[in-house]
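**Student:** One structure coming up, written as structure tokens, with questions to follow.
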Amino acid sequence: MKRLILALFAMAAIGAAQPALAQSPATLVPNAQGRIVLPTVAAPLHYDILVRPDAAKLTFSGSVTIDIEVKVQTRTLVLNAADIGFDRVRLAGRPDAPQIALNPEQQTAAFTFASPLEPGLYALHIDYRGKIYRQASGLFALDYDASSTDGKTVKQRALFTQFEPTDARRFVPSFDEPADKATFTLSAVVPTDQMALSNMPIVSRTPLGGGLERVTFGQTPKMSSYLLFFGLGDFERIHRMVDGVDVGVVVKRGDTGQAEYALDAAAHILPYYNSYFGVKYPLPKLDLIGGPGSSQFFGAMENWGAIFYFERDLLIDPRIATESDRQNVYIVVAHEMAHQWFGDLVTMAWWDDLWLNEGFASWMENKVTDHFHPEWRVWLQELESKQYAMGTDAKAGTHPIVQPIHDILQAQDAFDDITYSKGAAVIRMLETYAGEDAWRDGVRRYIAAHAYGNAVTDDLWREVDAVSPRKITDIAHDFTLKAGVPMIEVHEGGCAGDRASGRLELSQGRFGLDAADKAPLHWTVPVVVKGNIERAKTTLIDGAPVSVVTNCPSVVNAGQTGYFRTLYEARAFSGIASRYASLDPDDQLGILNDTGSEAFAGYAPMADFLDIATRLPADANPVVEEALVGQLGGLDRLYDGLPGQARFRAFAIARLQPILARVGWESKPDEAPNTQSLRSSVLATLGRLGDAEVIAQAKARFQALVGGTTLQPTEREAVLSIVAVNADPATWDQIHSLARDAKTDLEKREYYELLGAARDEALAKRALALALSGEPAPTTAPGIISSVSRLHPALALQFVDTNWATVSPLLDSAARGEYAPRLVSGAADPALIDALDRFGDAHLTPSALGDFPKVEASIRYNAVSRAKRLPEVDRWLAAHGG
Ligand SMILES: [Zn+2]
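Under this note's numbering, read the sequence shown as residues 65 to 946, first letter to last.
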């Protein structure tokens with residue numbers, strides 16, 4: 065392929081007229097599968113790219129030579145390009161400049177030649193110009209304050225790229241679809257005093273004078289365009305050799321002390337993955353690269369060999385990092401590293417199967433984390449993600465895990481909790497059913513069969529079934545091709561009077577929160593049943609009721625690895641409730657979540673949930689207790705503005721105070737790690753519930769913090785969240801000063817977002833105005849508005865509607881469709897559905913509205929819960945002396 069590139073550079077010396085732009089844009093039409101994709105007449109083999117960024121002017125110029133295979137005779141080559149200006153387009157060996165037709169909506173550039181191109185190999189050379197954005201799309205800049213050698217604050221700018229799903233086309237005209245894999249060689253003209261980064265190490269440097277040099281990175285393996293990366297800035301890198309790979313963490317100069325934790329995590333994880341996947345990590349280096357700021361859309365991105373993280377997901381600042389921060393960094397490192405195989409080495413053929421990347425990585429992050437840190441109980445924590453996914457999956461607007469994606473805007477919608485959390489939960493269920501070893505062996509076969517290529521979901525099932533004694537494909541199809549949540553109903557038969565042996569009748573239905581209009585569905589469900597004196601047994605339920613011999617009472621979905629709800633009829637429920645305090649934490653949490661969700665949906669009385677809530681023992685696992693804290697906090701939010709709230713709050717405070725009495729405000733050296741996270745949650749929730757003593761304590765501790773006292777990280781987090789919600793103008797001003805004076809970017813952003821948390825509406829309005837004042841960094845502003853939306857959703861939505869022209873450029877292109885719906889997703893006021901619709905009509909194209917039905921279903925459901933379930937709670941509280 066080099067041969068064609070040389071011929072092309074010879075061509076460039078001839079010089080030719082500027083390309084003519086066609087009058088009418090070429091338009092892509094749906095293919096046989098209904099997808100708007102590039103024509104298949106040509107495919108890329110290799111890209112040779114040179115970029116010259118002008119960071120100060122936020123522009124860059126580039127040139128690329130693409131080795132292309134033309135498969136069918138054609139006059140026109142269509143590539144993806146967005147916000148790209150074309151200076152010169154030439155095909156090596158042909159004198160004619162093509163006509164160029166741009167289609168900004170479909171983000172394509174079509175090059176039409178005077179005579180047809182016969183099948184064969186070509187080199188297409190393009191000189192072009194592009195933009196450097198201020199948000200994480202394409203090539204983007206992040207600004208921050210740094211200290212100069214004389215101690216003064218100086219403004220610094222670093223550059224990074226973010227291409228998934230469809231923004232590589234903002235960096236280089238390209239075949240920007242995941243199945244168009246090619247190799248890449250990237251060169252860049254950069255300042256000699258900055259560090260340039262890409263997927264591969266630098267292989268050559270050429271001084272250019274004037275403080276500039278040209279760096280060339282090694283050629284990548286064959287990969288999808290969305291995995292290409294370029295970064296440039298005043299960075300430092302710490303690194304270590306692990307299994308023959310140079311593993312590094314790259315941060316802003318001065319931050320290396322906060323990078324060691326992530327480097328340790330990566331060094332732990334790499335050998336585990338090398339062994340698990342059966343293929344060694346194939347690149348010579350693996351960098352974890354931190355950038356200041358934040359995105360409304362993502363925290364980290366798995367660019368092959370050059371993973372990008374916003375600092376919150378990478379750095380651990382010992383002064384302020386909490387236990388949950390440490391767990392989060394470890395888990396995000398594990399997630400992105402899993403993608404180096406699942407996603408980068410083997411990539412989904414199209415965005416329909418995005419879950420193959422994300423569901424798998426979301427499962428694998430827990431697998432490896434549980435291996436190295438069993439004390440974190442990540443599988444137990446993961447039940448909360450499953451609970452959240454089931455909430456979405458049981459409402460209108462849900463979709464199957466594998467979903468048709470027709471165009472690039474829909475591709476952005478695919479990054480949701482069904483793809484990630486349901487995907488991960490279904491994989492856990494399948495792994496449990498197949499067995500750990502069979503599942504791993506199937507994964508190894510899948511990776512080996514599709515390395516450097518693309519795959520679809522069925523390729524994975526086929527490889528697992530080839531080695532698993534228990535076949536998974538039927539179960540897998542049911543859970544990935546159908547939307548919705550199964551519900552296994554449990555009836556006790558023959559247990560009365562003889563609880564040592566008995567029978568359970570299990571039947572299947574569909575758990576729906578608003579699904580009255582939906583057709584009933586059936587799934588093939590593996591159900592694990594465990595009596596209190598026997599081993600667990602697995603039964604497949606695929607429609608007809610099944611009778612299981614067991615002792616009573618039995619836990620259905622024991623271990624909680626199944627993706628379904630369990631509904632115990634009254635007699636079975638009272639049996640399980642009487643045993644509740646002695647169950648494993650996983651089953652305690654599963655039953656708490658199922659009972660709560662079923663009660664809210666009207667399948668069971670609210671009394672069952674409140675009964676379970678009062679039975680959780682005082683020494684329960686902190687993860688289970690934290691879930692209860694969250695449920696009581698959620699109920700309180702639903703009560704906002706209703707007369708029953710005072711009585712509910714008295715009940716909830718009485719329920720939570722013993723937890724606080726046990727965990728206290730400050731950490732103890734011998735406590736379980738998750739106790740810290742529980743402490744933070746219980747304090748924040750008691751603050752929200754109006755516990756006067758907790759609020760007074762928090763205010764006193766906050767004044768100590770302002771006065772210079774160092775608080776423990778968890779204590780600090782809780783104190784800040786309580787005073788921010790309950791802020792008066794003087795407190796708000798103090799938090800504002802902390803934001804302005806904060807030493808690190810992470811801390812600064814945290815304080816600015818806290819300014820949006822106030823319950824006082826006048827302060828919420830001040831926070832909104834501040835967000836767009838230019839004072840906070842551009843990537844911080846959307847976070848402040850999101851923070852306001854938690855207690856003032858209508859206000860936040862109205863503000864974004866009025867100021868969309870200013871807010872929209874502050875969002876990553878991928879986040880524009882989902883930002884406004886998220887602001888109101890927790891609301892219970894149906895008027896916001898109309899407001900959201902008006903917003904969508906006014907500001908977004910129809911294909912960017914994918915999240916709207918989900919959020920509108922959520923608001924509708926919250927409104928029904930408020931109207932129907934809270935009176936049940938009121939009655940229970942009255943009956944129980946509340
Ligand atoms: Zn991911």
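All C-beta atoms in this analysis are idealised placements derived from N, C-alpha and C, irrespective of residue type, glycine included. This one's a predicted model, so the numbers in the text were calculated from it and none came from an experiment.
If residue 148 and residue 237 are in contact, beta carbons under 8 Å, what's the gap, nearest whole angstrom?
**Tutor:** Within the sequence shown, residue 148 is the residue found at index 84, counting from 1. Within the sequence shown, residue 237 is the residue found at index 173, counting from 1. That pair is a contact at about 6 Å.
**Student:** Just to confirm before moving on: does the CB-CB distance between residue 730 and residue 695 stay below 8 Å?
**Tutor:** Locating residue 730 in the sequence shown gives position 666, where the first residue counts as 1. Locating residue 695 in the sequence shown gives position 631, where the first residue counts as 1. No; because the gap between Cβ atoms is not below 8 Å, this pair is not in contact.
**Student:** Between which two residues does the beta strand (DSSP E) containing residue 556 stretch?
**Tutor:** Translated into positions along the sequence shown, residue 556 becomes position 492. Looking at the DSSP string, the run of the beta strand (DSSP E) that includes residue 556 is 549-557.
**Student:** Give me the Cα-Cα distance between residue 118 and residue 303, rounded to the nearest whole angstrom.
**Tutor:** Translated into positions along the sequence shown, residue 118 becomes position 54. Translated into positions along the sequence shown, residue 303 becomes position 239. Roughly 29 Å between the two C-alpha positions.
**Student:** Strictly closer than 5 Å from CB to any heavy atom of ligand 1: give me those residues in the order they appear in the chain.
**Tutor:** So the residues near ligand 1 by this Cβ test are 422, 425.
**Student:** Residue 703 lies in the alpha helix (DSSP H); which residues open and close that run?
**Tutor:** The sequence position of residue 703 within the sequence shown is 639, counting from 1. 686-703 is the extent of the alpha helix (DSSP H) around residue 703.
**Student:** I need the DSSP call for residue 73, collapsed to helix, strand or coil.
**Tutor:** Taking the sequence shown and counting its residues from 1, one reaches residue 73 at position 9. A caution first: residue 73 carries a pLDDT of 30, below 50, which makes its placement in the model too unreliable to give a value.
**Student:** Take residue 813 as the anchor and find which of 778, 639, 96, 850 has the nearest alpha-carbon.
**Tutor:** Counting from one through the sequence shown, the residue named residue 813 turns up at place 749. Checked all of 778, 639, 96, 850; the closest Cα to residue 813 is 850.
**Student:** Excluding the five sequence neighbours on either side, which residues of its own chain have a C-beta within less than 7 Å of the C-beta of residue 722, listed in chain order?
**Tutor:** Here residue 722 corresponds to residue number 658 of the sequence shown, with the count starting at 1. Excluding residues within five positions, the ones whose Cβ falls inside 7 Å are 682.
**Student:** Can you name the residues that DSSP bridges to residue 880?
**Tutor:** Taking the sequence shown and counting its residues from 1, one reaches residue 880 at position 816. Beta-bridge pairing links residue 880 to no other residue.
**Student:** Quick one: what does DSSP say residue 660 is sitting in, helix, strand or coil?
**Tutor:** Taking the sequence shown and counting its residues from 1, one reaches residue 660 at position 596. Three-state result, residue 660: helix.
**Student:** Taking the straight line between their C-alpha atoms, what separation do you get for residue 929 and residue 665?
**Tutor:** As a working note, residue 929 is residue 865 in the sequence shown. As a working note, residue 665 is residue 601 in the sequence shown. Cα-Cα distance, rounded: 8 Å.
**Student:** Contact check, residue 747 vs residue 786 under 8 Å by CB: the rounded distance?
**Tutor:** Here residue 747 corresponds to residue number 683 of the sequence shown, with the count starting at 1. Here residue 786 corresponds to residue number 722 of the sequence shown, with the count starting at 1. Sure, about 7 Å apart at Cβ, within 8 Å.
**Student:** Quick check: the region 271-285 against the region 172-181, are there 3 or more CB pairs under 8 Å?
**Tutor:** With the cut-off at 8 Å, the region 271-285 and the region 172-181 do not touch.
**Student:** Note down the Cα distance separating residue 200 from residue 354, rounded to an integer number of angstroms.
**Tutor:** Within the sequence shown, residue 200 is the residue found at index 136, counting from 1. Within the sequence shown, residue 354 is the residue found at index 290, counting from 1. Roughly 13 Å between the two C-alpha positions.
**Student:** Quick one: grab the DSSP three-state call for residue 479.
**Tutor:** The residue you call residue 479 lines up with position 415 of the sequence shown. In the structure shown, residue 479 sits in coil (DSSP, three-state: anything other than H, G, I, E or B).
**Student:** Identify which residue in 440, 407, 933 has its Cα closest to the Cα of residue 685.
**Tutor:** Here residue 685 refers to the residue found at position 621 of the sequence shown. It is 440.
**Student:** Since residue 574 sits in a beta bridge, which residues does DSSP pair it with?
**Tutor:** Sequence index remark: in the sequence shown, residue 574 carries index 510 (1-based). BP columns for residue 574 point to 550.
**Student:** In its own chain, which residues sit with a C-beta less than 7 Å from the C-beta of residue 615, not counting the 5 before and 5 after it?
**Tutor:** If you number the sequence shown from 1, residue 615 lands on position 551. 563, 564, 565, 566, 595, 596, 597, 598, listed in sequence order.
**Student:** Apart from the five residues on each side of it in sequence, which residues of its chain come closer than 6 Å, Cβ to Cβ, to residue 248?
**Tutor:** On the sequence shown, residue 248 is found 184 positions in, with the first residue counted as 1. Closer than 6 Å at Cβ, skipping near neighbours: 111, 284, 292.
**Student:** Taking only runs of the alpha helix (DSSP H) that begin and end inside the region 392-446, which ones reach a length of at least 4 residues, in chain order?
**Tutor:** Complete alpha helix (DSSP H) runs here, min 4: 418-436.
**Student:** Please classify residue 773 as buried or exposed, where buried requires at least 16 other C-beta atoms within 10 Å of its C-beta.
**Tutor:** Numbered from its first residue, the sequence shown carries residue 773 at position 709. Exposed: under 16 other Cβ atoms inside 10 Å.
**Student:** Just tell me which of 234, 713, 494, 243 has its CA closest to the CA of residue 752.
**Tutor:** As a working mapping, residue 752 is identified with position 688 in the sequence shown. Ranking 234, 713, 494, 243 by Cα distance to residue 752 puts 713 first.
**Student:** With DSSP as the reference, identify every bridge partner of residue 186, one or two as the case may be.
**Tutor:** The sequence position of residue 186 within the sequence shown is 122, counting from 1. DSSP output for residue 186 lists 132 as bridge partner(s).
**Student:** Just the Cα atoms here: how many angstroms apart are residue 863 and residue 377?
**Tutor:** Here residue 863 is taken as the residue at index 799 of the sequence shown, counted from 1. Here residue 377 is taken as the residue at index 313 of the sequence shown, counted from 1. Their backbone Cα atoms lie some 29 Å apart in a straight line.
**Student:** Just verifying my parser: in three-state terms, what is the DSSP assignment at residue 945?
**Tutor:** In the sequence shown, the residue the question calls residue 945 occupies position 881. Note: residue 945 maps to coil in three-state DSSP.
**Student:** Alpha carbon to alpha carbon, what distance is there between residue 838 and residue 871?
**Tutor:** Counted from its first residue, the sequence shown places residue 871 at position 807. Counted from its first residue, the sequence shown places residue 838 at position 774. Between residue 871 and residue 838, the C-alpha separation is close to 12 Å.
**Student:** Can you list, in chain order, the residues of its chain with a C-beta nearer than 8 Å to that of residue 502? Leave out the 5 residues immediately preceding and following it.
**Tutor:** Indexing the sequence shown from 1 puts residue 502 at position 438. Hits under 8 Å: 528, 531, 532, 533, 534.
**Student:** Please classify residue 272: is it buried, with 16 or more other beta-carbons within 10 angstroms of its beta-carbon, or exposed?
**Tutor:** Locating residue 272 in the sequence shown gives position 208, counting from the first residue. It is exposed - the Cβ of residue 272 has fewer than 16 other Cβ atoms within 10 Å.
**Student:** Using the Cα positions of residue 642 and residue 447, report the straight-line distance between them to the nearest angstrom.
**Tutor:** For the purposes of this step, residue 642 is taken as the residue at position 578 of the sequence shown. For the purposes of this step, residue 447 is taken as the residue at position 383 of the sequence shown. Computed Cα separation, rounded: 23 Å.
**Student:** Using a Cβ distance threshold of 8 Å, determine whether the region 124-140 contacts the region 101-111, with at least three qualifying pairs required.
**Tutor:** With a cut-off of 8 Å, the region 101-111 and the region 124-140 count as touching, because enough Cβ pairs lie within range.
**Student:** The beta strand (DSSP E) with residue 290 in it runs from where to where?
**Tutor:** Taking the first residue of the sequence shown as 1, we reach residue 290 at position 226. Element bounds for residue 290: n/a, residue is neither H nor E.
**Student:** Starting from the C-beta of residue 940, find all residues in its chain whose C-beta is less than 7 Å away, skip the five residues before and the five after it, and write them out in chain order.
**Tutor:** Residue numbering aside, residue 940 sits at position 876 when the sequence shown is read from its first letter. Closer than 7 Å at the Cβ level, and outside the excluded window around residue 940, lie 670, 671, 674.
**Student:** Going by DSSP, name the residue or residues bridged to residue 177.
**Tutor:** Taking the first residue of the sequence shown as 1, we reach residue 177 at position 113. Per DSSP, none; premise fails for residue 177.
**Student:** Determine contact between the region 701-710 and the region 733-743, defined as no fewer than three beta-carbon pairs at a distance below 8 Å.
**Tutor:** The answer is no - the region 733-743 does not touch the region 701-710, with fewer than three Cβ pairs under 8 Å.
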